[in-house]
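Following: one structure in structure tokens, then a few remarks.
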Amino acid sequence: MKEKIEKILAEVKSFQADSKEALEQFRIQYLSKKGTITELFTEFKQVAPEMRKEMGMRLNELKNTIQDIIDEQQAKFETKSDAKTDLDLSLPVDAMNGSRHPLSIVRNEINDIFKRLGFVVAEGPEVEDDFHVFSALNFPPDHPARDMQDTFFVTKSPDVVLRTHTSSVQVRVMEQGKLPIRIIAPGRVFRNEAISARAHCIFHQIEGLYIDKNVSFADLKQTLYHFVQEYFGEGTKVRFRPSYFPFTETSAEMDISCNICGGAGCNICKHTGWVEILGCGICDPNILKACNIDPEEYTGFAFGMGIERIAMLKYQINDLRMFFENDLRFLKQFENA
Ligand code: DAH
Numbered sequence: 189m190k191e192k193i194e195k196i197l198a199e200v201k202s203f204q205a206d207s208k209e210a211l212e213q214f215r216i217q218y219l220s221k222k223g224t225i226t227e228l229f230t231e232f233k234q235v236a237p238e239m240r241k242e243m244g245m246r247l248n249e250l251k252n253t254i255q256d257i258i259d260e261q262q263a264k265f266e267t268k269s270d271a272k273t274d275l276d277l278s279l280p281v282d283a284m285n286g287s288r289h290p291l292s293i294v295r296n297e298i299n300d301i302f303k304r305l306g307f308v309v310a311e312g313p314e315v316e317d318d319f320h321v322f323s324a325l326n327f328p329p330d331h332p333a334r335d336m337q338d339t340f341f342v343t344k345s346p347d348v349v350l351r352t353h354t355s356s357v358q359v360r361v362m363e364q365g366k367l368p369i370r371i372i373a374p375g376r377v378f379r380n381e382a383i384s385a386r387a388h389c390i391f392h393q394i395e396g397l398y399i400d401k402n403v404s405f406a407d408l409k410q411t412l413y414h415f416v417q418e419y420f421g422e423g424t425k426v427r428f429r430p431s432y433f434p435f436t437e438t439s440a441e442m443d444i445s446c447n448i449c450g451g452a453g454c455n456i457c458k459h460t461g462w463v464e465i466l467g468c469g470i471c472d473p474n475i476l477k478a479c480n481i482d483p484e485e486y487t488g489f490a491f492g493m494g495i496e497r498i499a500m501l502k503y504q505i506n507d508l509r510m511f512f513e514n515d516l517r518f519l520k521q522f523e524n525a
């Protein structure tokens, strides 16, 4: 058997394929199920026990040599389309380069907290009509938010706009008429604002809406209080200040105790110890009616927050433009977040 192996080894080493077909023939002759190597492995069963180790090694060596010859010569016949690329498409996703954008990280974290409370994610279009962005949300026709300065118009009469807030998704979900409703709507919004460290014409919001029988302001407070404890840490204080939004009555803005200075006063909280993070309130009966929900039977609460603002507080980022510049020095800091 030893001689046989040596003979084959010499044979294959001098092999030069002159075509793809010849190489395949070579592979079939030696490595296929009925090929020489298989035959030798069958013979190997008869080898005397004291010779087994050595023969086994030689046989495996021969097999590997043949495989190497095939691999090497294959390159000669490869056309462009079946050439190997540097991309290994079978790699698991988390082994790939890159990282999530900080706004996606924060959005996912916020979503997760509300999902655990039974909220589901809802989506709506970024290009919207006046009804869903304004009218159904009780914005009077002359409300300043409809002014050209805030809203990007796609067409005028009928008014088609880039949504200025994700509250439009509230209307889309209420229209479907399935009650109770418990949704959060994360998404991109647009406002015609000059770009600065504190404002941008594109930013992101998360809207929340809960409609059921007997939903009260106490439910709203407890839900948001829970969110703040989860996201900013236990012991973070909240306070509600009366405010105004056309689609809520009662309306409030919610502040949290400054997570940078712990309430002692710093630049971020302008030395007040508090930072505003969202608007909220009890759904105005008019918006329920606009979507054919009986306000005598159902009540609801809503809230809306800017994702950039939450991210800025969480990571102590003082310039909103950072989120949109895609500077790798900035983005790489979130690789392990
Ligand atoms: N849509 C408001 C905005 O863009 C945010 C908001 C405030 C949403 C109060 C709400 C709410 O649902 O109840 O400024």
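For the sequence shown, this note's numbering assigns the number 189 to the initial residue and increments by one for each residue that follows. We put the CB at the ideal spot given by N, CA and C, even for glycine.
Distances from the CB of residue 487 to the heavy atoms of the ligand DAH are all 7 Å or more.
In the three-state reduction of the DSSP assignment, residue 413 falls in the helix class. Residues of the same chain with a CB within less than 8 Å of the CB of residue 225, apart from the 5 flanking positions on each side, are 218, 219, 247, 250, 251 and 254 in chain order. DSSP places residue 371 inside the beta strand (DSSP E), whose first and last residues are 369 to 378. Residue 415 is a Cβ neighbour of residue 301, given a cutoff of 8 Å. Around the beta-carbon of residue 334, 16 or more other beta-carbon atoms lie within 10 Å, marking it buried. For residue 363, the three-state secondary structure derived from DSSP is helix. For residue 327, the CB stays at least 7 Å from every heavy atom of the ligand DAH.
Close CB contacts of residue 457 within its chain, under the 6 Å cut and outside five residues either way in sequence, are with 446 and 463 (chain order). Per DSSP, residue 244 is one residue of the alpha helix (DSSP H) stretching across 237 to 265.
Just so you know, the alpha carbons of residue 426 and residue 494 end up roughly 17 Å apart. Shortest Cα-Cα distance from residue 260 to any of 236, 203, 245 and 480 involves 203.
For residue 393, the shortest separation between its Cβ and any heavy atom of the ligand DAH lies below 7 Å. At a Cβ-Cβ threshold of 8 Å, residue 525 and residue 293 count as neighbours.
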